Amino acid sequence: MKNSLTKYDNDVFGSNWLKNFFDIPIFTNSSILKTNIRKEGDSYVYEVDVPGYRKEDISISYEEGYLIVEAKKQGQVNNSNDTYIRQERYSGTCSRSYYVGEIDESKISAKCENGILCITFKEEKDKKITTKKINIE
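Numbering (the working numbering), first residue to last: 12 to 148.
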């Protein structure tokens, strides 16, 4: 007697249905904006992976207790008659927000080198939360 699950798996989904499920962009783009957070003395350092992005493509803002990182990447322009068989490079806009609480927005600094965006700031107590755009060095 054949196992009905095996028959169902092979007939309906095909042999690679599970592998193809993880090819959905939400899973394949999961490496975008991965972040390490560390404390350095009395400062916090957020190290955000932004491979392939130029600092001009990245914006950082501080709004109501949240640091917001947004990165935009244009798709490749194909001027030839080539047809893509598969495209895995991400293009479009991605963003991530981090709750950091009340901080002195004038003391937030950011630097982007070798595909890593480093955002540094100090936590402040009794500080009114405001909105500010942060420049990247």
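Yeah, the Cβ is synthetic: ideal placement off N, Cα and C, and Gly gets one too. Just so you know, these numbers come straight off a predicted model, no measurement behind them.
Would you say residue 81 and residue 120 are within 9 Å of each other, going by their C-beta atoms? no
Cα-Cα separation, residue 61 to residue 74: 21 Å
In whole angstroms, what is the alpha-carbon distance linking residue 78 and residue 104? 17 Å
Kindly list the residues whose CB is nearer than 7 Å to the CB of residue 68, restricted to its own chain and excluding five residues on each side of it in sequence; keep chain order. 82, 83, 84
Note the first and the last residue of the continuous beta strand (DSSP E) segment covering residue 107. 103 to 110
Excluding sequence positions up to five away, which residues of its chain have a Cβ less than 6 Å from the Cβ of residue 131? 54, 56, 120
Using CA atoms only, rank isn't needed, just tell me which of 101, 99, 129, 108 is closest to residue 50. 129
Could you give the residue range of the beta strand (DSSP E) that holds residue 43? It is not in any beta strand (DSSP E) - residue 43 carries neither H nor E in the DSSP assignment.
Is residue 53 helix, strand or coil by DSSP? coil
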